[in-house]
């Protein structure tokens, strides 16, 4: 994931201080991330990537890249049964996201959110957005060619979660990310509840 660079830097510092790399790597493997920082949860065959602790344009781009790569490597037992145009090769999961406002982005806020939306629209199979600036993300996704049937914009985390749950299938990944002030953990909770309603995998 996008914490790989941080891990590599930590190992480099450990080496410079004379520590043995295998020991440093073992210690690093025991790291537990704080809540809402790229925390994955598997429910009903879907992975929810809770990264809603905070967001800025750089971290949003990194998180989108992470969910796209992770989904493409994820085997999907139902991939042949239902798949959008952006699904990729057979057997791969699909990336989805619930994205909200990146606060404190200054006078260029709308343009920055549009840029993120265009990036998301070019890579995701479906997108739900929360907030006024989240609507700019949705607009950018439409500009990038993501179909209107797979975009929902609004202020209700439960509605966003319900839409993603309806679009997704086992093997898919869902990123949830916004600035802390958006309290998008509400969307994470709603999404997990929606997925728990799904029939068990066979």
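In my numbering, the protein residues as written are 67 to 268. Cβ atoms here follow ideal geometry from the backbone N, Cα and C, with glycine treated the same way.
Handout entry: Residue environment, residue 243, which counts as buried when at least 16 other CB atoms sit within 10 Å
Key = In the chain shown, counting from the first residue as 1, residue 243 sits at position 177. Under this definition residue 243 is a buried residue.
Practice task
Could you have a look at residue 206 and say whether DSSP puts it in helix, strand or coil?
Solution key: As a first step, residue 206 must be located in the chain shown, where it is residue number 140. Here residue 206 sits in helix by DSSP.
Practice task
With DSSP as the reference, label residue 234 as helix, strand or coil.
Solution key: If you number the chain shown from 1, residue 234 lands on position 168. DSSP places residue 234 in coil when its eight states are reduced to three.
Problem - Supposed contact pair residue 137 and residue 238 - C-beta distance, whole angstroms, cut 8 Å - result: The residue labelled residue 238 in the question sits at position 172 within the chain shown. The residue labelled residue 137 in the question sits at position 71 within the chain shown. Indeed, because the Cβ distance is near 6 Å, the residues count as touching under 8 Å.
Handout entry: Beta-carbon separation (whole angstroms), residue 269 vs residue 190, contact threshold 8 Å
Key = Residue 269 lies beyond the residue range present for the chain, which begins at 67 and ends at 268; the question has no answer from this structure.
Handout entry: Backbone CA spacing between residue 143 and residue 110 [nearest angstrom]
Key = In the chain shown, the residue the question calls residue 143 occupies position 77. In the chain shown, the residue the question calls residue 110 occupies position 44. Because the pLDDT at residue 143 is just 42, under 50, the model does not fix this residue reliably, and the value given afterwards should be weighed accordingly. Looking at the two C-alpha atoms, the distance is approximately 12 Å.
Exercise for the section: Consider the C-beta atom of residue 228 and the heavy atoms of the ligand COA; say whether any pair is separated by less than 7 Å. Expected result: Summarising the ligand content, the structure contains no ligands, and the ligand COA is consequently not present.
Exercise for the section: Determine the contact status of residue 208 and residue 187, defining contact as a CB-CB distance below 8 Å. Expected result: The count along the chain shown starts at 1 and reaches residue 208 at position 142. The count along the chain shown starts at 1 and reaches residue 187 at position 121. Yes, the Cβ-Cβ distance between residue 208 and residue 187 is below 8 Å.
Exercise for the section: For residue 247, I'd like the list of residues in its chain whose CB is within less than 7 Å of its CB, leaving aside the five on either flank, ordered along the chain. Expected result: Residue mapping note: residue 247 aligns to position 181 of the chain shown, counting from 1. Only 169 meet the Cβ criterion.
Handout entry: CB contact flag (residue 163, residue 133, <8 Å)
Key = Against the chain shown, residue 163 aligns to sequence position 97. Against the chain shown, residue 133 aligns to sequence position 67. Result yes, Cβ atoms of residue 163 and residue 133 sit closer than 8 Å.
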